[in-house]
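Colleague:
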Amino acid sequence: MPIPTPTMAEQPIFPTLTPAQIDATRTSAWLSTFEEITPKTSIVDLDNVGEKDAFLEWLDADSIFIPRDSQTQPGPSHVPRVEEVEPGDDDSDTDSDSEAPVYHLPKLNEAIRQALKDRNGSVFPKLNWSAPKDAAFILPQTSHGPLHCTSPADLYLLLKSSDFVSHGLDPVRAYASGESIPEESAEPERRSLPVELVLKEYVDVNPSREMRCFVRNNVLIGISQRDSNFYDHLQSEETRARICDTIRSLWEDEIRDQHPAMGVDYTFDVYLNPKLDDALIIDINPYRLSTDSLLFSYPELHSIFTQSQAPVSEITEQDRPRLPVLKVIDSAAHPEASRAAPAYGGNMMPLEMIEMSQGRSMEEFRDAWQDAVARGMTE
Numbered sequence: 001m002p003i004p005t006p007t008m009a010e011q012p013i014f015p016t017l018t019p020a021q022i023d024a025t026r027t028s029a030w031l032s033t034f035e036e037i038t039p040k041t042s043i044v045d046l047d048n049v050g051e052k053d054a055f056l057e058w059l060d061a062d063s064i065f066i067p068r069d070s071q072t073q074p075g076p077s078h079v080p081r082v083e084e085v086e087p088g089d090d091d092s093d094t095d096s097d098s099e100a101p102v103y104h105l106p107k108l109n110e111a112i113r114q115a116l117k118d119r120n121g122s123v124f125p126k127l128n129w130s131a132p133k134d135a136a137f138i139l140p141q142t143s144h145g146p147l148h149c150t151s152p153a154d155l156y157l158l159l160k161s162s163d164f165v166s167h168g169l170d171p172v173r174a175y176a177s178g179e180s181i182p183e184e185s186a187e188p189e190r191r192s193l194p195v196e197l198v199l200k201e202y203v204d205v206n207p208s209r210e211m212r213c214f215v216r217n218n219v220l221i222g223i224s225q226r227d228s229n230f231y232d233h234l235q236s237e238e239t240r241a242r243i244c245d246t247i248r249s250l251w252e253d254e255i256r257d258q259h260p261a262m263g264v265d266y267t268f269d270v271y272l273n274p275k276l277d278d279a280l281i282i283d284i285n286p287y288r289l290s291t292d293s294l295l296f297s298y299p300e301l302h303s304i305f306t307q308s309q310a311p312v313s314e315i316t317e318q319d320r321p322r323l324p325v326l327k328v329i330d331s332a333a334h335p336e337a338s339r340a341a342p343a344y345g346g347n348m349m350p351l352e353m354i355e356m357s358q359g360r361s362m363e364e365f366r367d368a369w370q371d372a373v374a375r376g377m378t379e
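Under full-length UniProt numbering, the first residue of the sequence shown is numbered 1, with each subsequent residue one higher.
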């Protein structure tokens, strides 16, 4: 008797992913396959560097202290080093300063500096699968935009201030598939997970040309604008058709079946060129709840997928969606475009900042925070 197979309507919203398939979406796993169509990238494996345990100890510590010798040479207007402050300036801190923790990651510092040298002096960082986007506020804003790192200290400050990066450091959560996000692993399990710092050469980008693409069962079903602003030049049917055609061609010619280890369910991010007729792969992620579905919901993507695969007896061709379905912010009044709160606003205040601000004026808090950051870079 034949074994019944589930109908399209019975397919789950999320596929079941194996740890091997999730590992295959690590940048280090796919970079060599797609190197010609990916921005220049350096990968620092902390096991190879030999400082993974020390790095995790620093990352887990309840302090803002930055590893020694990680900053660039300060300029004339730098915040004073702690030893430059006169002994009588703040006697109340003397005891705590003498007990300040000191973290040494000399090999990692050197590996990051070499990557910066190889990548034209500035990089965009990720740790395993996660970029510290929620901590972008912590670095001084420049014309280059957020997450622009020019020293090991910049990277450390972002990683230390981010909640996102911890998701990719816990084995249970890192290898989760389906609709649930499990509890954190025990510490010994956490230490067994490979830790990779992914450093992409920083280039100024036009956020309107960044797109996230969704592949389910080896079918490109959806494309979403990544930035949450309204762009008038994305509204015409001709422009939308060109975006779909370009990404479909890239996927069919360069991505589909080229990296079999990641399976047939995944997402990939692309950056389109100014003419919208070519694109680069920016990132690849598992098709799961922890990957942001942006302008879609995952139930909506599931509906698009099932309707597109339904037999002719169950759906008319008029009702069958034309794939891939593209979603952009189509109005300045769109809920995503009109949000008053900044992205990751809930992450924009480290606990140390909150505690340090108690009982201080804004000017006193600013001076105390600058002094704490200076100590973190010099202690």
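Think of the CB as a built atom: it goes at the ideal place given N, C-alpha and C, for glycine as much as any other residue.
Buried or exposed: methionine 123, going by 16 or more other Cβ atoms within 10 Å of its Cβ?
Modeller: Locating residue 123 in the sequence shown gives position 123, where the first residue counts as 1. Note that residue 123 corresponds to valine in the displayed sequence, not to methionine. Under this definition valine 123 is a buried residue.
Colleague: Express the C-alpha separation of glutamate 201 and valine 44 in angstroms, rounding to a whole number.
Modeller: Here residue 44 refers to the residue found at position 44 of the sequence shown. Here residue 201 refers to the residue found at position 201 of the sequence shown. About 14 Å.
Colleague: Count the other C-beta atoms from every protein chain shown that fall within 10 angstroms of the C-beta of histidine 148, then say buried if there are 16 or more, exposed otherwise.
Modeller: By 1-based counting over the sequence shown, the position of residue 148 is 148. Histidine 148 comes out buried.
Colleague: Let me see if you follow: with CB-CB separation under 8 Å, is alanine 310 close to chain D or not?
Modeller: The chain labelled as chain D is not found in the depicted structure, where only one protein chain is given.
Colleague: Helix, strand or coil for glutamine 225 per DSSP?
Modeller: As a working mapping, residue 225 is identified with position 225 in the sequence shown. Strand at glutamine 225.
Colleague: Taking contact to mean at least 3 C-beta pairs separated by less than 8 Å, is the stretch 204 to 220 in contact with the stretch 49 to 62?
Modeller: Result no; under three Cβ-Cβ pairs closer than 8 Å.
Colleague: Counting only the same chain and skipping the five closest in sequence on each side, list residues whose C-beta sits under 6 Å from that of arginine 146.
Modeller: Residue mapping note: residue 146 aligns to position 146 of the sequence shown, counting from 1. This sequence places proline at residue 146; arginine is not what is there. Result list for proline 146: Ala136, in chain order.
Colleague: Taking the C-alpha atoms as reference points, what is the distance between valine 215 and proline 299?
Modeller: Counting from 1 along the sequence shown, the entry for residue 215 is found at position 215. Counting from 1 along the sequence shown, the entry for residue 299 is found at position 299. Rounded to the nearest angstrom, the two C-alpha atoms are 14 Å apart.
Colleague: Going by DSSP, what residues sit across from serine 161 in a beta bridge?
Modeller: The count along the sequence shown starts at 1 and reaches residue 161 at position 161. Note: serine 161 sits in no beta bridge, so no partner.
Colleague: Tell me the DSSP secondary structure of alanine 314 in three-state form.
Modeller: The residue labelled residue 314 in the question sits at position 314 within the sequence shown. For clarity, residue 314 is glutamate in the given sequence; the question names alanine instead. Looking at glutamate 314 - three-state DSSP - the assignment turns out to be coil, as it is neither helix nor strand.
Colleague: Output the distance between the C-alpha atoms of asparagine 273 and tyrosine 103, rounded to the nearest integer angstrom.
Modeller: To locate residue 273, count along the sequence shown from 1; it is residue 273. To locate residue 103, count along the sequence shown from 1; it is residue 103. Near 42 Å, if we compare the C-alpha coordinates of tyrosine 103 and asparagine 273.
Colleague: Reducing DSSP to helix, strand and coil, say where aspartate 283 ends up.
Modeller: For this step, residue 283 is matched to residue 283 along the sequence shown. Strand, per DSSP.
Colleague: From the DSSP output, in three-state form, read off phenylalanine 230 for me.
Modeller: For this step, residue 230 is matched to residue 230 along the sequence shown. Correct three-state label for phenylalanine 230: coil.
Colleague: Residues in its own chain within less than 7 Å of threonine 142 by CB, not counting five upstream and five downstream?
Modeller: Locating residue 142 in the sequence shown gives position 142, counting from the first residue. Cβ within range, chain order: His148.
Colleague: For the candidate residues Thr246, Asp319, Tyr287, Arg320, whose alpha-carbon lies nearest to that of alanine 174?
Modeller: The residue labelled residue 174 in the question sits at position 174 within the sequence shown. Of the listed residues, the one whose Cα sits closest to alanine 174 is Tyr287.
Colleague: Can you round the beta-carbon distance between isoleucine 243 and isoleucine 223 to whole angstroms, since I take them to be within the 8 Å contact cut?
Modeller: Reading the sequence shown from its first residue, position 243 is the one you call residue 243. Reading the sequence shown from its first residue, position 223 is the one you call residue 223. Yes, they are in contact, since the Cβ atoms of isoleucine 243 and isoleucine 223 sit about 7 Å apart, within 8 Å.
Colleague: Tell me the DSSP secondary structure of serine 42 in three-state form.
Modeller: Taking the sequence shown and counting its residues from 1, one reaches residue 42 at position 42. DSSP places serine 42 in strand when its eight states are reduced to three.
Colleague: How far does the alpha helix (DSSP H) with aspartate 245 in it extend, from its first residue to its last?
Modeller: Taking the first residue of the sequence shown as position 1, residue 245 is located at position 245. Taken as a continuous stretch (DSSP letters only), the alpha helix (DSSP H) holding aspartate 245 covers 237 to 250.
Colleague: So, at 8 Å on beta carbons, what are the nonlocal neighbours of glutamate 317 in its own chain, with the 5 sequence-adjacent residues on each side left out?
Modeller: Your numbering for residue 317 matches position 317 in the sequence shown. Taken in chain order, the list of residues that qualify is empty.
Colleague: Which residues in the same chain have their Cβ closer than 7 Å to the Cβ of proline 152, if we skip the five residues on either side of it in sequence?
Modeller: On the sequence shown, residue 152 is found 152 positions in, with the first residue counted as 1. Closer than 7 Å at the Cβ level, and outside the excluded window around proline 152, lie Ser70, Asn109, Ile112, Arg113.
Colleague: Let me know if glutamate 328 comes out buried or exposed under the rule of 16 or more other beta-carbons within 10 Å of its beta-carbon.
Modeller: Translated into the one-based positions of the sequence shown, residue 328 becomes position 328. Per the sequence presented here, residue 328 reads as valine, with glutamate not at that position. When all chains shown are included, valine 328 counts as buried.
Colleague: State the DSSP-derived secondary structure class of proline 15, mapped to helix, strand or coil.
Modeller: Here the question's residue 15 lines up with position 15 in the sequence shown. If DSSP states are grouped into helix, strand and coil, proline 15 belongs with coil.
Colleague: Near glycine 50, what residues of its chain come up, given a Cβ to Cβ distance below 7 Å and the 5 sequence neighbours on each side ignored?
Modeller: Working through the sequence shown from its first residue, we reach residue 50 at position 50. Closer than 7 Å at Cβ, skipping near neighbours: Lys107.
Colleague: Using the Cβ count rule (16 or more neighbours within 10 Å means buried), how would you classify histidine 233?
Modeller: To locate residue 233, count along the sequence shown from 1; it is residue 233. So histidine 233 counts as exposed.
Colleague: Counting along the chain, where does the beta strand (DSSP E) carrying proline 125 start and finish?
Modeller: Along the sequence shown, read from residue 1 onward, the residue named residue 125 stands at position 125. Counting along the chain, the beta strand (DSSP E) containing proline 125 begins and ends at 123 to 127.
Colleague: For phenylalanine 230, which residues in the same chain have their Cβ closer than 7 Å to its Cβ, ignoring the five residues on either side in sequence?
Modeller: On the sequence shown, position 230 is the one that residue 230 refers to. For phenylalanine 230, where only same-chain residues beyond five positions count, the Cβ hits under 7 Å are Ile329, Ser331, Ala332, His334, Ala337.
Colleague: On the CB-based measure, 16 or more other CB atoms within 10 Å of its CB, does alanine 115 come out buried or exposed?
Modeller: Sequence index remark: in the sequence shown, residue 115 carries index 115 (1-based). The residue is buried, with at least 16 neighbouring Cβ atoms inside 10 Å.
Colleague: Would you mind working out which of Asp62, Val264, Gly263, Ile281 sits nearest tyrosine 271, comparing C-alpha positions?
Modeller: Your numbering for residue 271 matches position 271 in the sequence shown. Checked all of Asp62, Val264, Gly263, Ile281; the closest Cα to tyrosine 271 is Ile281.
Colleague: Given this structure, state the Cα-to-Cα distance separating phenylalanine 268 from leucine 250, to the nearest angstrom.
Modeller: Taking the first residue of the sequence shown as position 1, residue 268 is located at position 268. Taking the first residue of the sequence shown as position 1, residue 250 is located at position 250. Cα to Cα, the separation comes out at about 11 Å.
Colleague: Select from Gln225, Phe14, Val165, Asn218 the residue whose C-alpha is nearest the C-alpha of residue 392.
Modeller: Outside the shown range of the chain, which is 1 to 379, sits residue 392, and nothing can be said about it.
Colleague: Just how far apart, CA to CA, sit glutamine 307 and phenylalanine 14?
Modeller: For the purposes of this step, residue 307 is taken as residue 307 along the sequence shown, with counting starting at 1. For the purposes of this step, residue 14 is taken as residue 14 along the sequence shown, with counting starting at 1. Between glutamine 307 and phenylalanine 14, the C-alpha separation is close to 16 Å.
Colleague: Going by C-alpha to C-alpha distance, which of Asn128, Thr150, Ser130, Leu157 sits closest to isoleucine 138?
Modeller: Within the sequence shown, numbered from 1, the residue matching residue 138 stands at position 138. Of Asn128, Thr150, Ser130, Leu157, the residue nearest in Cα terms is Leu157.
Colleague: Give, in chain order, every unbroken run of the alpha helix (DSSP H) that is at least 4 residues long and sits entirely within the stretch 287 to 312.
Modeller: Whole alpha helix (DSSP H) segments, 4+ residues: 298 to 309.
Colleague: Identify the continuous alpha helix (DSSP H) that holds valine 172 and give its terminal residues.
Modeller: On the sequence shown, residue 172 is found 172 positions in, with the first residue counted as 1. That run of the alpha helix (DSSP H) goes 171 to 174.
Colleague: Is the Cβ-Cβ distance between proline 132 and leucine 159 less than 8 Å?
Modeller: Here residue 132 refers to the residue found at position 132 when the sequence shown is read from its first residue. Here residue 159 refers to the residue found at position 159 when the sequence shown is read from its first residue. It is a contact, given that the beta carbons lie within the stated cut-off.
Colleague: Can you list, in chain order, the residues of its chain with a C-beta nearer than 6 Å to that of glutamine 21? Leave out the 5 residues immediately preceding and following it.
Modeller: Position 21 of the sequence shown, counted from the first residue, corresponds to residue 21. Excluding positions up to five away in sequence, the list reads Met262, Gly263.
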